[in-house]
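Participant: Top line first, the protein sequences correspond to chains A and B. Here the first sequence is numbered in the numbering used here, starting from 386 and rising by one per residue. Here the second sequence is numbered in the numbering used here, starting from 87 and rising by one per residue.
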Amino acid sequence: MDDVLKGLSLIFEFKNIMVIFAGVLIGVLVGALPGLSSPMAIALLMPFTISLDPVAAISMMAALYCAGTFGGSITAILINAPGAPPAVATALDGYQMAKKGEPGRALGLAAVSSVIGGMISIVIFLFATPLLAELALKFGPIEYFGLALFALSMLASMSGKSSIRNLIAGVTGVLISTVGVHLATGVERFEFGIPELSEGIKFVPVLIGLFAISELLTQSKTLNDAVERMNAKALRLPTIAELKALKGTILRSSGLGTFIGILPAEGSTVAAMMGYNEAKRFSKTPELFGTGCAEGIVGPEAANNAAAGGAMVPTLALGIPGSGTTALILAALVMHGFRPGPYLITETPHMVYAIFGAMFIANIGFLGIGLVGAKFFSMITFIPKRFLWPSVLIFSLIGSYSYSSAFFDVWVMLLSGIIGYFALRNGFSPAPLVMGLILGGMLEETFTQSMVIYDSNFFKFFDSGVFVFFFILTIISLSTPFWGNIRRLFKKK
Amino acid sequence: MSDQSSHNLAPEKSGAKMFHRKDLWLASILIAFGAFMYYEATKFPSAPMVLGDTLNADVFPRILVVMLIVLACILPIEFKITPEKIEKIDKERNEKTIPITWITIVMILTIVSLSSFLGAALTMFVTAIVFPLVWGEKNYIAVAIYAVVFPMLVYLLFHEVLGLYMEPGVLEYLK
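1) Assuming Ile-586 (chain A) is part of the alpha helix (DSSP H), what are its boundary residues?
2) Apart from the five residues just before and just after Glu-581 (chain A), which ones in its own chain have a Cβ nearer than 6 angstroms to its Cβ?
3) According to the neighbour-count rule (16 or more other Cβ atoms, all chains shown, within 10 Å of its Cβ), is Lys-177 (chain B) buried or exposed?
4) Please list, in chain order, the chain A residues whose beta carbon lies closer than 7 angstroms to that of Glu-178 (chain B).
5) Alpha carbon to alpha carbon, what distance is there between Phe-674 (chain A) and Pro-892 (chain A)?
6) Taking only runs that begin and end inside the region 442-509 of chain A, name each unbroken beta strand (DSSP E) of 3 or more residues, in chain order.
7) Beta-carbon of His-567 (chain A) versus every beta-carbon of chain B: anything under 8 angstroms?
8) With 16 other CB atoms within 10 Å as the buried threshold, where does Val-409 (chain A) fall?
9) What does Gly-565 (chain A) pair with, by DSSP beta-bridge criteria?
10) List the residues of chain B that Glu-829 (chain A) touches, going by C-beta distances under 7 angstroms, in chain order.
11) Measure the Cβ-Cβ separation of Tyr-232 (chain B) and Ala-207 (chain B) and say whether it is below 8 angstroms.
12) What residue ranges within the region 150-237 of chain B form continuous alpha helix (DSSP H) runs of no fewer than 4 residues, ordered along the chain?
13) If you measure beta-carbon to beta-carbon, which residues of the region 190-202 of chain B are closer than 9 angstroms to chain A?
14) Can you name the residues of chain A whose CB is closer than 7 angstroms to the CB of Val-282 (chain B)?
15) Beta carbon of Leu-248 (chain B), beta carbon of Phe-433 (chain A): below 8 angstroms?
16) Scan the region 696-732 of chain A and note each continuous alpha helix (DSSP H) run of 4 residues or more that stays entirely inside, going in chain order.
17) For Ile-396 (chain A), name the three-state secondary structure that DSSP assigns.
18) Using the rule of at least 16 other Cβ atoms within 10 Å of the residue's Cβ for burial, across every protein chain shown, is Val-152 (chain B) buried or exposed?
19) Would a check of beta-carbon distances place Lys-171 (chain B) closer than 8 angstroms to chain A?
20) With 16 other CB atoms within 10 Å as the buried threshold, where does Gly-493 (chain A) fall?
21) On a CA-only basis, which of A:Gly-812, A:Val-508, A:Leu-463 is nearest Glu-487 (chain A)? Give me that one, please.
22) Determine the chain B residues that contact Ser-927 (chain A) at a beta-carbon separation under 8 angstroms, and present them in chain order.
23) For Glu-126 (chain B), return the contacting residues in chain A, with the cut-off set at a CB-CB distance below 9 angstroms.
24) Report the neighbours of Leu-799 (chain A) on chain B: residues whose CB is nearer than 8 angstroms to its CB, in chain order.
25) Which residue comes first and which comes last in the alpha helix (DSSP H) that contains Pro-815 (chain A)?
26) Measuring alpha carbon to alpha carbon, tell me which of A:Ala-417, A:Gly-565, A:Phe-455, A:Lys-391 ends up nearest Leu-752 (chain A).
27) Going by the beta-carbon positions, is the gap between Ala-693 (chain A) and Cys-451 (chain A) smaller than 8 angstroms?
28) Tell me whether Asp-109 (chain B) sits in a helix, a strand or coil according to DSSP, three-state version.
29) Nearest to Leu-532 (chain A) by alpha carbon, out of A:Ala-702, A:Arg-637, A:Thr-624?
30) Please check if any C-beta of chain B sits within less than 8 angstroms of the C-beta of Pro-439 (chain A).
31) The ligand NAP heavy atoms versus the CB of Met-403 (chain A): any closer than 7 angstroms?
32) Against Ser-547 (chain A), what residues of chain B qualify as contacts under a CB-to-CB distance less than 8 angstroms, listed in chain order?
33) Helix or strand or just coil, what does DSSP make of Arg-148 (chain B)?
34) Tell me the DSSP secondary structure of Met-403 (chain A) in three-state form.
35) Under the three-state reduction of DSSP, which class applies to Asn-142 (chain B): helix, strand or coil?
36) Under the assumption that Phe-596 (chain A) contacts Met-446 (chain A) (Cβ atoms under 8 angstroms), give the Cβ distance between them as a whole number of angstroms.
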């Protein structure tokens, strides 16, 4: 109880409240703007939060994460251009409702269902995180290795164009994490005579490059694209009767979203699509989906915001990111000197409750911002790309340089961005590489420790029941994306 | 029809092709990269005896490289396993990279190369003025205002408020 009060009291300091609202504002802004995303904003903010108190910094990012998921629905509804991938499902019915002359109602439904989904997942996060952490305290290196392996295998079913490419990106991320001095033996690996590489490749410049620069290059070909815009006069909250009629959909989607968020690597995008599909499946009028149906908005919105809270559970309790964005929050925790995992709960429990408080405030914050600022945010889409993207580039240059005042990092950022752009064109996504980069250190450390414990006999790993459990889950998650297609192949033959 | 298919890098739906040509190139690049990293890993020295039982530094990277090569080998036939996903990827990558994107890459590389000479403030100014103009912005007054105001605000925010050190560059010699 003391830790809860301590954590909440930290959040309710005036300075931290301001920082959280800044996070909410930035989150809604970047979520609303197509091309910008929460992971990009977090990557750009990371170097600048070094000067902030760790609680304020992480709370700001958690608030940005929550708000960004909602922000994407604004442009999804008003201009059929989802500002963030999780809002793709919202656009299916949200834009149609806006076209029928009810943009305010669509935004109101999205906002309220997002808040409800977010709140439900935060409560689950509050209770599940310490329980999971307590379980994880019993894990040894072999169990952690199994868990990290399972987390990486989930990349195969992560949202993206190709499971094989996701896995390749993940393995490449882990390989990049091996650059630098090997801590166990002191051997310098893959330095190629470049002294700066002895410290390894820092993840912040890579993140900025992959998310900001590659997107800038992608956007350079759409500079002249015309966009049909729709001004929202005001966000109209749903009536109590409307909410009662939709309560089944909202609650179901919130539970589903939270569960998907808890799974490693699966995040808001998968949750939103599943939320939409399940809402349609359980609906009494599935034929209305795609024509501006309220259930088609609240289903994905409740799920995608619920996934945000769910994704924080494994991130904080196990040190395994629940989504691409929480992988960055995990990196930020490490940057600020915290040890994500069960030790975060035992050594600095107030941090967990502070994050809970920040997400709670963020969920209320974006509802308030949506109510007051819907018209303003709809005008955000009028910012010409020719001014927006040079601004992103400027922030990227400053951010990557300021991280450790090393010019080398700017070049790392650029190289990551250019390679990331061409990789994107060939169906690779940045999130799996980020997951690999973040998890790589833990994977190698636990693998090495396990091999030492078992005298380099990998088959002895299967003496651990927990490792066998995660290994089976790994096989299932690796093969699931291909079952249907392989069956089809054999049927043809 | 056969002329079209000879220029079409995506495989025909009849399934006559064994490999997807573009993915074959991609796989070759990844395999070459993997082979290079594997070779580099063989040059790592072994762990000193004084450290006792521990894995050598090359073991984990070599396992990763083997995994990377195995996955890369599946790429050229992925179109047979998940045809709809590869079709989607092909639709996007068959669009050529347009000149403005190449120009943007060159501009970014040039500005970064000059940035240690220019310093932070001038680099921001040059970025803010060059990019909109090269990208076709015709409202020169807006560009001028943006090129002055935005870098100034960013400089004030990061240098004065957040205390971030910004390289003065050539401006140092003009003081």
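All residues carry an ideal CB built from backbone N, CA and C; glycine is no exception. Remember, it's a predicted structure, so these values are computed and weren't measured experimentally.
Facilitator: If we stick to the structure as given:
1) That residue, Ile-586 (chain A), is in no alpha helix (DSSP H); it is neither H nor E in DSSP.
2) Phe-793
3) exposed
4) Arg-810
5) Missing from the structure shown is residue 892 (chain A); chain A here goes from 386 to 878 and no further.
6) none
7) yes
8) buried
9) A:Arg-574
10) Phe-146
11) no
12) 164-167, 169-179, 185-204, 206-220
13) Thr-190, Ile-191, Ile-194, Leu-195, Ile-197, Val-198, Ser-201, Ser-202
14) Lying before the first or after the last residue shown, residue 282 (chain B) is absent from chain B, which here runs from 87 to 261.
15) yes
16) 709-720, 727-732
17) helix
18) exposed
19) yes
20) buried
21) A:Leu-463
22) Residue 927 (chain A) cannot be examined here, being either before or after the span of chain A that is shown, 386 to 878.
23) Arg-574, Phe-575, Phe-577
24) Ile-194, Leu-195, Val-198
25) 815-838
26) A:Phe-455
27) yes
28) helix
29) A:Ala-702
30) no
31) For the structure depicted, the ligand NAP is absent and the ligand set is empty, with no information on it obtainable.
32) Glu-164, Thr-168, Lys-171, Ile-172, Ile-175
33) helix
34) helix
35) coil
36) Not quite, the Cβ-Cβ distance comes to about 14 angstroms (not below 8 angstroms), so this is no contact.
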